[in-house]
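So the protein sequences, as listed, match chains S and R.
The opening residue of the first sequence carries number 242 in our numbering; numbering runs sequentially from there.
The opening residue of the second sequence carries number 242 in our numbering; numbering runs sequentially from there.
Let me begin by presenting the structure, written as C-alpha cells, before commenting on it.
2 protein chains.
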Amino acid sequence: MNDFIRMLLSHRSIRTFRDEPLTNEQIEYMVKSAQAAASSSFMQPYTIIGVKNKELKDQLAEFSGNKYVAKNGHFFVFCMDLNRHRLAAEMEGYDIQQFNTTIDSIEWFMFGLIDTAIAAQNLVTAAESMGLGICYIGGIRNNLEKVCEVLNTPDRVIPLFGMCVGYPEQDPDVKPRLPMENIYHEDGYNLDEAQYKEQLEEYNKILSNYYLERTNGKRNDRWTEQVVEKLRKENRAYIKEFLEGKKIPLK
Amino acid sequence: MNDFIRMLLSHRSIRTFRDEPLTNEQIEYMVKSAQAAASSSFMQPYTIIGVKNKELKDQLAEFSGNKYVAKNGHFFVFCMDLNRHRLAAEMEGYDIQQFNTTIDSIEWFMFGLIDTAIAAQNLVTAAESMGLGICYIGGIRNNLEKVCEVLNTPDRVIPLFGMCVGYPEQDPDVKPRLPMENIYHEDGYNLDEAQYKEQLEEYNKILSNYYLERTNGKRNDRWTEQVVEKLRKENRAYIKEFLEGKKIPLK
C-alpha cells in the first residue's frame with residue numbers, strides 16, 4: 242500500500258477546527274486540484290464559492306442548521322453551474338431559445354452534479370494531503386432559497402453542498418464501511434438478496450460494536466436502523482420546485 | 242507543493258492501455274479507497290460493478306459507443322444504488338409503502354449521484370497513485386436500458402458512468418482548465434458578466450493554442466465553441482422516462 246492510498250483509507254470527517262484561516266496558497270492548491278479532475282465533454286460545469294466573511298458564514302450556518310459552518314479555516318460552497326454555458330452560447334451567437342431547450346434536461350443536471358462532486362473530492366484529497374481536515378455539509382440543501390440569496394447566485398447555479406476545511410482539533414476514528422463484497426460486484430449485479438442481507442447483518446454488528454465502544458455503551462445503531470431513521474420523513478421535498486424556479490426543470 | 246497535489250494536477254484521461262489485466266489486489270485498493278470517501282448521512286448509496294468478462298466488455302463498448310470500454314486493464318461501472326436501502330428497510334420491518342413514498346424524491350437522487358461521484362474520484366486517485374491511468378465513460382448513459390439488462394441491475398440501481406483503468410499506453414498532455422478566477426469566487430457569486438466573458442475570451446485563446454500546437458494546426462477549438470457544439474442537440478432525452486421505469490421518479 243502506498244502513501245496515497247493510506248491517506249485515502251484514513252479519511253474521517255472533521256467537525257471542529259483550530260481558529261486559523263487558510264492561506265491563499267492553500268486555497269489555490271485546493272481549487273486547482275479540484276479543477277484538475279476530469280470533466281464530461283470538458284464542460285467544467287461548476288463554481289466553487291469560498292466564504293471568508295464572518296457574517297456570511299454565520300448566515301450559512303443558520304440556513305444549513307449546522308454550527309460547524311461558522312467555525313473552520315475556510316468554508317466552500319460547491320455549485321453546479323450551467324450559467325457559464327449560457328454566456329458561452331451568447332459569445333458564440335448561439336440561439337438562446339435553442340439553448341433553453343437543450344440545457345433543460347436531466348442529462349445536463351446529472352452532468353452538473355457528477356462533475357461538481359468529482360471536483361470536490363479532489364479538493365478533499367488536496368486538503369488532507371496538507372494536513373487539513375474536512376467535512377461535507379449537505380445541510381446547505383435545507384434552505385437553498387436563502388443560500389442562493391446571500392451568495393447572489395444567478396439562474397442555473399445550484400449550491401449542492403458545502404465543505405468545512407481547516408486544521409483539525411479532534412481526532413476521530415475511521416468508521417467501518419459496508420463490506421467490500423456488498424459494494425463491489427463482478428460482471429453483473431449480485432441479485433442474491435439472501436446473501437446481501439447476510440452481509441448487511443454482519444455489517445450491522447460491526448457498526449454497532451464500533452458505536453458501543455466509542456460511546457461507553459450509549460449508542461449501538463445498526464446501519465439498517467440508520468437507513469430507516471433517514472427514511473422516516475420526506476427529505477427536502479421543496480427541491481423540485483426550487484430547481485424549476487432556477488431554470489433547472491428536470492425533463 | 243506536495244506529491245499528492247502534484248499528482249492531482251497532472252491528471253489527464255488515458256484512452257489506450259497495455260493489454261494487461263489489473264490484479265485483485267489493485268482492484269481491492271481502488272474499491273476500498275472509493276468506499277473510504279465521505280457519504281452523506283453514511284447512506285453509502287452506490288454499487289461498483291467491475292467488468293472482467295470479455296464479451297460483456299464488448300457489449301458495453303457497443304452500447305456506450307466507445308471502443309476504449311473494450312480494451313483496458315479493468316472496466317468499472319459506477320451505479321447509484323437505492324436498492325440496498327429497500328433491503329435495509331425490509332430487514333428493519335419498515336413499512337414498504339412509506340419507503341416508496343420517502344425514497345422517491347429528487348433529494349435522494351442527488352444524494353445518490355453526489356456520493357457515487359465522490360467515491361469514484363477516490364478510486365481515480367488510488368489508481369493514479371499506482372501508476373495506472375483512467376478515463377471516465379459518460380457514454381454508458383447513451384443506452385441505459387441495455388446496460389442495465391446485461392448487468393442485471395434491479396430497480397433503483399442506475400449506472401451513472403463507467404471508468405476504464407489500466408496501464409497507460411499513451412502520454413497525453415494536461416489540458417488547460419478554466420482560469421481559477423472564473424471557477425472560484427469569494428463571498429458570493431461574481432455577477433460581473435463582462436469580466437466573466439473577458440476571462441472566457443482569454444481562456445478560448447489558451448485552449449485554441451493548446452489544440453493548434455498539438456494537432457499541427459488542424460484543430461483550434463475555442464472552449465465556448467465546444468460548449469455550443471455540445472448544445473446543438475438534445476442529449477439523452479430518454480433518461481427521465483427511463484428513471485421512472487426504474488422507480489426513480491424525480492419529484
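We put the beta carbon where it would ideally sit given N, CA and C, even for glycine.
Any beta-carbon of chain A closer than 8 Å to the one on residue i?
i: Glu269(R); result: You won't find chain A in this structure, because its protein chains are S and R.
Rounded to a whole number of angstroms, what is the C-alpha to C-alpha distance between residue i and residue j?
i: Asn243(S); j: Leu250(S); result: 11 Å
i: Ser280(S); j: Met421(S); result: 27 Å
i: His326(R); j: Gly334(S); result: 47 Å
i: Thr264(S); j: Tyr408(S); result: 12 Å
i: Val391(R); j: Phe352(S); result: 24 Å
i: Lys308(S); j: Asp412(R); result: 46 Å
i: Gly380(R); j: Glu348(S); result: 12 Å
i: Glu303(S); j: Asp414(S); result: 28 Å
i: Gln338(R); j: Leu472(S); result: 11 Å
i: Gly374(R); j: Gly314(S); result: 33 Å
i: Ala361(R); j: His252(S); result: 15 Å
i: Ala368(R); j: Val468(S); result: 30 Å
i: Thr357(S); j: Cys405(R); result: 20 Å
i: Gly291(R); j: Ile424(R); result: 33 Å
i: Leu419(S); j: Met248(S); result: 19 Å
i: Asn384(S); j: Leu484(S); result: 12 Å
i: Ala330(R); j: Asn450(S); result: 21 Å
i: Glu470(S); j: Phe283(R); result: 12 Å
i: Lys438(R); j: Glu443(S); result: 55 Å
i: Lys298(S); j: Asn393(S); result: 14 Å
i: Asp396(S); j: Lys481(R); result: 22 Å
Taking C-alpha atoms, which residue in the options lies nearest to residue i?
i: Trp464(S); options: Gln440(S), Ser346(S), Tyr479(S), Ser274(S); result: Gln440(S)
i: Lys416(R); options: Lys273(S), Lys416(S), His252(S); result: Lys273(S)
i: Met271(S); options: Pro490(S), Leu448(S), Phe317(S), Pro400(S); result: Phe317(S)
i: Ser305(S); options: Arg455(S), Cys405(S), Arg382(S); result: Arg382(S)
i: Gly403(R); options: Phe319(R), Tyr437(R), Glu466(R), Glu261(R); result: Phe319(R)
i: Gln267(S); options: Lys298(S), Ser370(S), Leu328(S); result: Ser370(S)
i: Thr288(S); options: Thr342(S), Ile399(S), Leu491(S), Glu269(S); result: Ile399(S)
i: Gln285(R); options: Ala275(R), Asn294(R), Gly291(R); result: Ala275(R)
i: Asn294(R); options: Lys312(R), Ala478(R), Ala277(R), Ala278(R); result: Lys312(R)
i: Ala497(S); options: Phe245(R), Val310(R), Thr343(R); result: Look at the range of chain S in this structure, 242 to 492, and you will see that residue 497(S) is not part of it.
i: Tyr377(S); options: Lys387(S), Val365(S), Leu385(S); result: Val365(S)
i: Asn493(S); options: Leu328(S), Glu434(S), Glu466(S); result: Only positions 242 to 492 of chain S appear in the structure, and residue 493(S) is not among them; the question remains open.
i: Asp260(S); options: Glu410(S), Asp299(S), Ala278(S); result: Glu410(S)
i: Leu301(R); options: Gly429(S), Asn393(S), Lys488(S), Pro395(S); result: Gly429(S)
i: Phe340(S); options: Asn476(R), Pro490(R), Lys487(R), Leu491(R); result: Asn476(R)
Residues of chain R with a CB under 7 Å from the CB of residue i: which are they?
i: Leu385(S); result: What Leu385(S) touches in chain R: nothing, since even the nearest Cβ is about 11 Å away.
i: Ile246(S); result: Tyr270, Ser274, Ala367, Ser370
i: Leu392(S); result: Gly429, Tyr430
In terms of residues, what are the limits of the alpha helix (DSSP H) holding residue i?
i: Leu441(S); result: 434 to 455
i: His326(R); result: 324 to 332
i: Phe483(R); result: 480 to 486
i: Glu427(R); result: Where Glu427(R) is concerned, there is no enclosing alpha helix (DSSP H), although the beta strand (DSSP E) it sits in stretches over 425 to 427.
i: Lys298(S); result: 295 to 304
i: Lys387(S); result: 385 to 392
i: Ser346(R); result: Premise fails: Ser346(R) is in no alpha helix (DSSP H) and is neither H nor E.
i: Arg463(R); result: Here Arg463(R) belongs to no alpha helix (DSSP H), and DSSP marks it neither H nor E.
i: Leu250(S); result: 244 to 250
Quick one: which chain R residues come within Cβ less than 8 Å of residue i?
i: Phe258(S); result: Here the premise fails: no neighbours, minimum Cβ distance about 16 Å.
i: Pro395(S); result: Tyr430, Leu432
i: Val388(S); result: By Cβ distance, chain R contributes nothing, its closest Cβ being about 11 Å from Val388(S), past 8 Å.
i: Asn243(S); result: Ser370, Met371
i: Lys492(S); result: Lys481
i: Leu401(S); result: Met351, Ile355
If I follow the unbroken beta strand (DSSP E) through residue i, where does it start and stop?
i: Tyr287(R); result: 287 to 292
i: Gly403(R); result: 398 to 407
i: Tyr270(S); result: No beta strand (DSSP E) holds Tyr270(S); the alpha helix (DSSP H) holding it covers 265 to 276.
i: Gly374(R); result: 374 to 378
Which residues of chain S have a Cβ atom closer than 9 Å to the Cβ of residue i, listed in chain order?
i: Ser254(R); result: Ala279
i: Val272(R); result: Met421, Ile424, Tyr425
i: Ile359(R); result: Ala358, Ile359, Ala361, Gln362, Val365, Tyr377
i: Ile489(R); result: Near Ile489(R) there are no residues of chain S at all, since even the closest Cβ is about 10 Å away, more than 9 Å.
So residue i contacts chain S; which residues on that side make the cut at Cβ distance below 7 Å?
i: Thr465(R); result: Ala329, Met332, Glu333
i: Leu249(R); result: Ser274, Ala277, Asn363, Thr366, Ala367
How about residue i: is its Cβ closer than 7 Å to a heavy atom in the ligand SAH?
i: Thr342(R); result: In the structure shown, the ligand SAH is absent, as is every other ligand, since no ligand is present at all.
Along chain R, in chain order, which residues have C-beta atoms closer than 9 Å to that of residue i?
i: Leu323(S); result: Correct list: empty, because the minimum Cβ distance to chain R is about 10 Å.
Using the beta-carbon of each residue, which ones in chain S are nearer than 8 Å to residue i?
i: Leu354(R); result: Met351, Leu354, Ile355, Ala358
>> Using a Cβ-Cβ cutoff of 8 Å, what residues of the stretch 282 to 293 of chain R are near chain S? List them in chain order.
In response: Ser282, Phe283, Met284, Gln285, Tyr287, Thr288, Ile289, Ile290, Gly291, Val292, Lys293
> Using Cβ-Cβ distances below 9 Å, what residues of the stretch 404 to 424 of chain S are close to chain R?
Replying inline: Result list: Val415, Lys416, Arg418, Leu419, Met421, Asn423, Ile424.
> Got a sec: which bits of the stretch 291 to 310 of chain R sit with their beta carbon under 8 Å from any beta carbon on chain S, in order along the chain?
Replying inline: Gly291, Val292, Lys293, Asn294, Leu297
> Got a sec: which bits of the stretch 425 to 443 of chain R sit with their beta carbon under 9 Å from any beta carbon on chain S, in order along the chain?
Replying inline: Tyr425, His426, Glu427, Asp428, Gly429, Tyr430, Asn431, Leu432, Glu434, Tyr437, Lys438, Leu441, Glu442
> Which of the residues in the stretch 337 to 348 of chain S, read from start to end, lie with their CB under 8 Å from any CB of chain R?
Replying inline: Gln339, Phe340, Thr342, Thr343, Ile344, Ser346, Ile347, Glu348
> If contact means a Cβ-Cβ distance below 8 Å, which residues of the stretch 470 to 482 of chain R contact chain S?
Replying inline: For the stretch 470 to 482 of chain R, which is checked against every Cβ of chain S, the residues closer than 8 Å are Lys471, Leu472, Arg473, Lys474, Glu475, Asn476, Arg477, Ala478, Ile480, Lys481.
>> Can you pull out the residues from the stretch 310 to 321 of chain S whose beta carbon lies closer than 8 Å to at least one beta carbon of chain R?
In response: Cys320
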